[in-house]
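Novice: Taken in sequence, the protein lines are chains A and B.
Going by my numbering, the first residue of the first sequence is number 1, and it counts up by one from there.
Going by my numbering, the first residue of the second sequence is number 1, and it counts up by one from there.
All residues carry an ideal CB built from backbone N, CA and C; glycine is no exception.
Quick caveat, the model's predicted, so the values are computed rather than measured.
Sharing a structure with you now.
2 protein chains.
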Amino acid sequence: MYVVLGASGYIGSKFCNDLHSSGCEVVDVSRKEIDYTNGFVLKEFLKSQNTRFLINAAGYTGKPNVDACELAKADCLMGNAVLPGIIREVCEDLKLSWGHVSSGCIYSGRRPDGAGWKEDDVPNFSFRSPPCSFYSGTKALGEEVLDGAENCYIWRMRIPFNEERSPRNYLQKLLNYDSLLEAENSVSHLDEFVQKCLECFDKEVEPGIFNMTNPGSTTTRQVTAWMHEQGLTNKLFKFFEDEEQFMNKAAKTPRSNCVLDTTKAQKAGIGMRTVGEAMRESMGKMAEASTV
Amino acid sequence: MYVVLGASGYIGSKFCNDLHSSGCEVVDVSRKEIDYTNGFVLKEFLKSQNTRFLINAAGYTGKPNVDACELAKADCLMGNAVLPGIIREVCEDLKLSWGHVSSGCIYSGRRPDGAGWKEDDVPNFSFRSPPCSFYSGTKALGEEVLDGAENCYIWRMRIPFNEERSPRNYLQKLLNYDSLLEAENSVSHLDEFVQKCLECFDKEVEPGIFNMTNPGSTTTRQVTAWMHEQGLTNKLFKFFEDEEQFMNKAAKTPRSNCVLDTTKAQKAGIGMRTVGEAMRESMGKMAEASTV
Numbered sequence: 001m002y003v004v005l006g007a008s009g010y011i012g013s014k015f016c017n018d019l020h021s022s023g024c025e026v027v028d029v030s031r032k033e034i035d036y037t038n039g040f041v042l043k044e045f046l047k048s049q050n051t052r053f054l055i056n057a058a059g060y061t062g063k064p065n066v067d068a069c070e071l072a073k074a075d076c077l078m079g080n081a082v083l084p085g086i087i088r089e090v091c092e093d094l095k096l097s098w099g100h101v102s103s104g105c106i107y108s109g110r111r112p113d114g115a116g117w118k119e120d121d122v123p124n125f126s127f128r129s130p131p132c133s134f135y136s137g138t139k140a141l142g143e144e145v146l147d148g149a150e151n152c153y154i155w156r157m158r159i160p161f162n163e164e165r166s167p168r169n170y171l172q173k174l175l176n177y178d179s180l181l182e183a184e185n186s187v188s189h190l191d192e193f194v195q196k197c198l199e200c201f202d203k204e205v206e207p208g209i210f211n212m213t214n215p216g217s218t219t220t221r222q223v224t225a226w227m228h229e230q231g232l233t234n235k236l237f238k239f240f241e242d243e244e245q246f247m248n249k250a251a252k253t254p255r256s257n258c259v260l261d262t263t264k265a266q267k268a269g270i271g272m273r274t275v276g277e278a279m280r281e282s283m284g285k286m287a288e289a290s291t292v
Numbered sequence: 001m002y003v004v005l006g007a008s009g010y011i012g013s014k015f016c017n018d019l020h021s022s023g024c025e026v027v028d029v030s031r032k033e034i035d036y037t038n039g040f041v042l043k044e045f046l047k048s049q050n051t052r053f054l055i056n057a058a059g060y061t062g063k064p065n066v067d068a069c070e071l072a073k074a075d076c077l078m079g080n081a082v083l084p085g086i087i088r089e090v091c092e093d094l095k096l097s098w099g100h101v102s103s104g105c106i107y108s109g110r111r112p113d114g115a116g117w118k119e120d121d122v123p124n125f126s127f128r129s130p131p132c133s134f135y136s137g138t139k140a141l142g143e144e145v146l147d148g149a150e151n152c153y154i155w156r157m158r159i160p161f162n163e164e165r166s167p168r169n170y171l172q173k174l175l176n177y178d179s180l181l182e183a184e185n186s187v188s189h190l191d192e193f194v195q196k197c198l199e200c201f202d203k204e205v206e207p208g209i210f211n212m213t214n215p216g217s218t219t220t221r222q223v224t225a226w227m228h229e230q231g232l233t234n235k236l237f238k239f240f241e242d243e244e245q246f247m248n249k250a251a252k253t254p255r256s257n258c259v260l261d262t263t264k265a266q267k268a269g270i271g272m273r274t275v276g277e278a279m280r281e282s283m284g285k286m287a288e289a290s291t292v
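Below you can see the structure in the form of structure tokens.
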């Protein structure tokens, strides 16, 4: 039995759907039904469900964006840093294999040598390496809390997208925003992310941290060019002059823009398609769906 | 009715004793009886007790020292950073006046201008200003979570001591250690700290942050000299050569050594005796008790 925490969320629901589609038995848990922030409650629940694998897709993301986390610091710390520690303790007790949805947003830019950030690079966009958003700070603390955890996958996602018209889809966000910030980023095709994370269990990949983004990177201007190319929109996108103007006009807390190295996941057999391939396909599908 | 959270602890029990002695009605709450980390439970409990004032003396301190916090990061974050936020929300809902026991250990040394750290100085021994211990990091986050809280006193303590033979008493610790680290610190006479914190409610002091240490500072060598002077011990104390030797031999995580400015508390009418006066009296009483 698979148990998914945070099953009602954007990422958690995708895990549930994928597992259902594959014919797996899955229990989707929302915090309203089971208070999984209580280690004792969580442990008894996992035992009662005969759990084989646990996926923690619960976490505190601000709505509509990370700025909201600055106003809900305790909840953000609880969901992103304390909860992983509670789950760790329970899973180690029960000798359960599990995965935690982390984020690449604990980095900024590229490594000093120009390469993408590797799994064991120390975060440079965290409380310990300011400046950072409160959200990124708590996600980095979450990974720190999981340091040395047994049978635990830490899956780092960055900027989820796919072909669905969800307000959480990066492509949909770009279509909705008035002005965009030019920046280079790694990104994760949501469905592919989920599929490859789940393969960790099936393929018995060695536990640890994995950068689960599509290999390579892209820039905002590149993404909008692909949108035009794929016929998704004719919109002439406006861009902020620079990050300073973006911070003044549209943001309260700094954003992570970063490039991750995906060599480790590729070598482990859980690599994803390149950014260009995945993005253009999603855009093409979106364009097709809107013309039907 | 006064409600004290963390009433079984070193500081919380002192609050309870002081209130009892003064003839106040007090409910001492331990987390085993009431899960006050659940905001709903806490709120109903406070209402049922007709609470007028709440004191949060709960928190996660490592035993026997802060090194232990490095191995219990989720618990430490929960107790020191998340819990204050939960209490804040409940107290603001109920329009309750309350106080949070914080710590001066979010600072290191003195201000660049040589003065002690004031209440509104940004912490320089925290996650956002590394290096720090995990404990200090969580205490600084706790204050950040309480930024702008209504009707809330943040009482910063540093290195509690008094005349009791408790293993938590700084003077007793110095007597027990094999070797000492020479450093300059502000310190808090525990009983006086508690008494002055409680006066905030009685005197209706304007809420905010207060450095609740005895005015001035002392050094480890000064403390041991006073011990000899007061006849508390004849022991010839050994000292580490320097902080590096101390870190190599006796500590896993860096310690805060700092001097706080107490002008704000003094002006508010909740000032304490000088370090020398308070310490020597405690030592004299300890010496007296051991010769009886």
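Could you spell out where the alpha helix (DSSP H) holding residue 142(A) opens and where it closes?
Specialist: Unbroken alpha helix (DSSP H) run through residue 142(A): 134-145.
Novice: Can you give, in chain order, each stretch of the alpha helix (DSSP H) that sits fully within the region 20-99 of chain A and has at least 4 residues?
Specialist: With a minimum length of 4 residues, the continuous alpha helix (DSSP H) runs that stay inside the region 20-99 of chain A are 39-48, 73-77, 83-94.
Novice: I'd like to check one pair, residue 218(A) with residue 279(A): are the Cβ atoms closer than 8 Å?
Specialist: In contact: residue 279(A) and residue 218(A) (Cβ atoms closer than 8 Å).
Novice: Between residue 128(A) and chain B, is the shortest Cβ-Cβ distance under 8 Å, so that the two count as touching?
Specialist: Yes - at least one Cβ of chain B is within 8 Å of the one on residue 128(A).
Novice: Report all residues from its chain with a CB closer than 7 Å to the CB of residue 326(A); omit the five preceding and five following residues, and keep chain order.
Specialist: Shown here, chain A extends from 1 to 292; a query on residue 326(A) therefore has no answer.
Novice: Beta carbon of residue 282(A), beta carbon of residue 105(A): below 8 Å?
Specialist: No. Outside cutoff.
Novice: Just how far apart, CA to CA, sit residue 85(B) and residue 253(A)?
Specialist: Approximately 20 Å, taken between the alpha carbons.
Novice: Classify residue 225(A) as buried or exposed, calling it buried when 16 or more other Cβ atoms lie within 10 Å of its own Cβ.
Specialist: Looking at its Cβ environment, which holds fewer than 16 other Cβ atoms inside 10 Å, residue 225(A) is exposed.
Novice: When the Cα atoms are used, what is the spatial distance from residue 27(A) to residue 79(A)?
Specialist: When rounded, the distance between both Cα atoms is 20 Å.
Novice: Please confirm if the region 184-194 of chain A is in contact with the region 235-242 of chain A, defined as three or more CB-CB distances below 8 Å between the two stretches.
Specialist: With a cut-off of 8 Å, the region 235-242 of chain A and the region 184-194 of chain A do not count as touching, because too few Cβ pairs lie within range.
Novice: For chain B, check one thing: does any of its Cβ atoms lie closer than 8 Å to the Cβ of residue 144(A)?
Specialist: Answer yes: the Cβ-Cβ gap between residue 144(A) and chain B drops below 8 Å somewhere.
Novice: So what does residue 160(A) bridge to, in DSSP terms?
Specialist: Partner(s): 188(A).
Novice: Is the shortest distance between the beta-carbon of residue 9(B) and the beta-carbons of chain A less than 8 Å?
Specialist: Judged by the 8 Å Cβ criterion, residue 9(B) is not in contact with chain A.
Novice: Cβ atoms of residue 261(B) and residue 140(B): under 8 Å apart, would you say?
Specialist: Cβ distance not < 8 Å, so residue 140(B) and residue 261(B) don't count as in contact.
Novice: In chain order, what residues of the same chain have a beta carbon less than 7 Å from the beta carbon of residue 89(B), not counting five sequence neighbours either side?
Specialist: So the qualifying residues of the chain are 39.
Novice: For residue 100(B), count the other beta carbons within 10 Å of its own beta carbon; 16 or more makes it buried, fewer makes it exposed. Which is it?
Specialist: So residue 100(B) ends up on the buried side.
Novice: Going by Cα to Cα distance, which pick from 277(A), 216(A), 231(A), 273(A) is closest to residue 110(A)?
Specialist: The option with the nearest alpha carbon to residue 110(A) is 216(A).
Novice: Could you list which residues in chain A have their beta carbon closer than 8 Å to that of residue 63(B), in chain order?
Specialist: Result: empty, since nearest Cβ-Cβ is about 18 Å, beyond 8 Å.
Novice: Using the rule of at least 16 other Cβ atoms within 10 Å of the residue's Cβ for burial, across every protein chain shown, is residue 75(A) buried or exposed?
Specialist: Residue 75(A) should be labelled buried.
Novice: Checking 8 Å against the spacing of the C-beta atoms, do residue 231(A) and residue 287(A) come in under that value?
Specialist: Yes. Within cutoff.
Novice: Whose C-alpha, out of 175(B), 203(B), 102(B), 164(B), is nearest the C-alpha of residue 213(B)?
Specialist: The shortest Cα separation from residue 213(B) among 175(B), 203(B), 102(B), 164(B) belongs to 102(B).
Novice: Is DSSP giving residue 238(B) helix, strand or coil here?
Specialist: Residue 238(B): strand per DSSP, three-state reduction.
Novice: When you compare only the Cα positions, how much space is there between residue 164(A) and residue 197(B)?
Specialist: Distance between the alpha carbons of residue 164(A) and residue 197(B) is about 56 Å.
Novice: Does the distance from the CB of residue 11(B) to the CB of residue 42(B) come in under 8 Å?
Specialist: No; because the gap between Cβ atoms is not below 8 Å, this pair is not in contact.
Novice: Note down the Cα distance separating residue 137(A) from residue 127(A), rounded to an integer number of angstroms.
Specialist: Taking the straight line joining both Cα atoms gives about 5 Å.
Novice: How long is the line joining the alpha carbons of residue 37(A) and residue 227(B), rounded to whole angstroms?
Specialist: When rounded, the distance between both Cα atoms is 48 Å.
Novice: Consider the Cβ of residue 77(B): report whether some Cβ of chain A lies at a distance smaller than 8 Å.
Specialist: For residue 77(B), the answer is yes, since a Cβ of chain A falls inside 8 Å of its Cβ.
Novice: Within the same chain, show all residues whose beta-carbon is closer than 8 Å to that of residue 20(A), passing over the 5 residues directly before and after it, in chain order.
Specialist: 26.
Novice: Give me whichever residues DSSP pairs with residue 104(A) in a beta bridge.
Specialist: Answer is none; residue 104(A) lacks a bridge partner.
Novice: Roughly how many whole angstroms lie between the Cα atoms of residue 96(B) and residue 54(B)?
Specialist: About 7 Å.
Novice: Are any of the Cβ atoms in chain B nearer than 8 Å to that of residue 73(A)?
Specialist: Closer than 8 Å to some Cβ of chain B, the Cβ of residue 73(A) qualifies, so yes.
Novice: Counting along the chain, where does the alpha helix (DSSP H) carrying residue 122(A) start and finish?
Specialist: Element bounds for residue 122(A): n/a, residue is neither H nor E.
Novice: Can you round the beta-carbon distance between residue 181(A) and residue 81(B) to whole angstroms, since I take them to be within the 8 Å contact cut?
Specialist: Their Cβ separation, rounded to whole angstroms, is 31 Å, which puts residue 181(A) and residue 81(B) out of contact at 8 Å.
Novice: Count the other CB atoms, across all protein chains shown, that sit within 10 Å of the CB of residue 177(B); report buried if there are 16 or more and exposed otherwise.
Specialist: Exposed: under 16 other Cβ atoms inside 10 Å.
Novice: For the alpha helix (DSSP H) that contains residue 171(A), what are its first and last residues?
Specialist: From DSSP, the alpha helix (DSSP H) with residue 171(A) extends over 170-176.
Novice: Scan the region 84-100 of chain B for residues whose Cβ lies nearer than 8 Å to a Cβ of chain A and list them as they occur along the chain.
Specialist: So the list reads 84, 85, 86, 88, 89, given in the order they occur along the chain.
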